[in-house]
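The sequence shown begins at 1 in full-length UniProt numbering and counts up by one. Think of the CB as a built atom: it goes at the ideal place given N, C-alpha and C, for glycine as much as any other residue. Single-structure report; data block below.
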Amino acid sequence: MALAHRPARGDDYATFARLFPELDTGDPIPSPSHWVAEIAPNTWLFEQGGAAVGYLFFERLAGVGYIRHVVVVPEHRGRGLGVAMLRAAAADLRAAGCATWCLNVKPGNLPAVRLYQRLGMREAYRSTALRFLWSQTDALPPPPKLLTTRAIDPADDAAIEAAFALPSGQLAGGRAAGRVLVRLVDPAEPAAMQLGFASFNPDFPGAFPFRVADPDHAAALLAGLRPHARPDKPNMGIVAEADPGLTARMVTIGATIHMEFSHFKGHVPEDLS
1 MALAHRPARG DDYATFARLF PELDTGDPIP SPSHWVAEIA PNTWLFEQGG
51 AAVGYLFFER LAGVGYIRHV VVVPEHRGRG LGVAMLRAAA ADLRAAGCAT
101 WCLNVKPGNL PAVRLYQRLG MREAYRSTAL RFLWSQTDAL PPPPKLLTTR
151 AIDPADDAAI EAAFALPSGQ LAGGRAAGRV LVRLVDPAEP AAMQLGFASF
201 NPDFPGAFPF RVADPDHAAA LLAGLRPHAR PDKPNMGIVA EADPGLTARM
251 VTIGATIHME FSHFKGHVPE DLS
């Protein structure tokens with residue numbers, strides 16, 4: 001039976017909500033508003049015989065495709081659908097001028113790891129998703145020098161993305177999705193962009209990316225995000241990307257390790273047969 005795909009619509013939320021738990025992240029199902037604003041516009045729904053068999057959530061950034069979710073319904077696994085879905089995405093990404101692609105995967109998900117390796121991707125680094133209460137951040141030691149935060153001006157996007165080796169356009173994509181974007185500022189050197197920044201979703205709630213040049217900067221960056229937290233969300237999450245020092249610092253205040261995952265990347269192949 002032929003595999004077809006189409007852009008997701010807002011009214012596909014029920015299908016998405018049914019399939020999202022298959023990612024096995026332990027995260028809550030994103031809200032309908034989050035689906036409509038951030039996920040659906042970058043998602044393809046795959047169908048066979050009119051029935052949904054999976055979905056692919058991916059972003060086209062400047063030269064880079066970021067695969068966010070790859071989900072195949074359990075009863076259709078082992079039939080090559082994952083490869084077919086990624087083959088379709090690769091063709092789209094090449095047409096959009098993306099020469100490389102990347103994604104995150106649990107190291108223990110061996111079938112997925114083998115698939116991505118087969119497609120030419122290799123592990124670049126490991127990351128840790130952390131969960132904690134806002135109140136726990138009061139125990140973080142202050143940075144050795146005064147740091148403040150300010151909203152990221154779009155004119156500063158390129159400098160921040162360069163400083164933290166992010167794909168060009170990632171910050172603009174977060175801004176378009178309604179994320180709170182803030183960066184750390186040294187009052188003595190306000191133009192310095194390499195101190196730290198975060199893209200915060202108050203509804204989740206969590207910040208990804210959350211990058212700091214030094215774990216000592218975490219307190220100042222979290223303090224800048226905290227006024228944007230929803231009163232009914234006392235919890236918070238961040239992802240420490242290739243930053244064991246930040247992970248260790250957060251664990252000392254009682255943060256729990258929610259999940260560890262590998263970041264894979266590689267060239268978008270011409271042929272995925």
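Notebook entry, point to check: Between F132, K145, P190 and P141, which lies nearest to D156 when the distance is taken from Cα to Cα?
Noted result: Nearest to D156 by alpha-carbon distance, out of F132, K145, P190 and P141, is P190.
Check: Is it right to say R118 is buried, meaning 16 or more other beta carbons lie within 10 angstroms of its own, or is it exposed?
Finding: exposed
Checklist line | Y13, buried or exposed, once every other Cβ within 10 Å from all chains shown has been counted against 16 | finding: buried
Notebook entry, point to check: Rounded C-beta distance between A172 and G196? I'm assuming under 8 Å.
Noted result: That pair is no contact at about 19 Å.
Check: Does DSSP put P144 in a helix, in a strand, or in coil?
Finding: coil
Notebook entry, point to check: In three-state DSSP terms, what is T137?
Noted result: Note: T137 maps to helix in three-state DSSP.
Next item on the list: Have a look at the DSSP bridge pairing and note the partners of N102.
Entry: Note on identity: in this sequence residue 102 is Cys, with Asn being the wrong assignment. Its beta-bridge partners are Y66 and K265.
Next item on the list: Starting from I160, trace the alpha helix (DSSP H) both ways and give me its first and last residue.
Entry: D157 to A163
Margin query: Do N235 and H34 have their beta-carbon atoms positioned less than 9 Å apart in this structure?
Written below: no
Notebook entry, point to check: Hey, how far is the Cα of G174 from the Cα of A240?
Noted result: G174 and A240: Cα-Cα distance of roughly 18 Å.
Note to self: If I follow the unbroken beta strand (DSSP E) through F16, where does it start and stop?
What the structure shows: That residue, F16, is in no beta strand (DSSP E); its alpha helix (DSSP H) goes Y13 to L19.
Check: Below 9 Å between beta carbons: does that hold for A207 and L225?
Finding: Inclusion of A207 and L225 in the CB contact set at 9 Å is warranted, their separation being smaller than that value.
Item checked: Where R18 falls, given that 16 or more other Cβ within 10 Å makes a residue buried -> exposed
Next item on the list: Pick out whichever of T25, Y55 and A8 has its Cα sitting closest to the Cα of F261.
Entry: T25
Notebook entry, point to check: Where do the N-terminal and C-terminal ends of the alpha helix (DSSP H) with R87 fall, by residue?
Noted result: L81 to A95
Notebook entry, point to check: Who are the near neighbours of G63 in its chain, counting only those whose CB is closer than 8 Å to its CB and skipping five residues on each side?
Noted result: G97, C98, A99, T100, P167 and S168
Next item on the list: Let me know the secondary structure DSSP gives L195 once reduced to three states.
Entry: coil
Item checked: Beta-ladder partner(s) of N201, from DSSP -> G206
Next item on the list: Out of L115, E59 and Y66, point me to the one whose CA is closest to G78's CA.
Entry: L115
Checklist line | Beta-ladder partner(s) of Q48, from DSSP | finding: A51
Notebook entry, point to check: Are the CB atoms of A8 and L45 nearer to each other than 9 Å?
Noted result: yes
Check: From T128 to H76, what does the alpha carbon distance come to, in whole angstroms?
Finding: 30 Å
Margin query: So for L115, helix, strand or coil by DSSP?
Written below: Looking at L115 - three-state DSSP - the assignment turns out to be helix.
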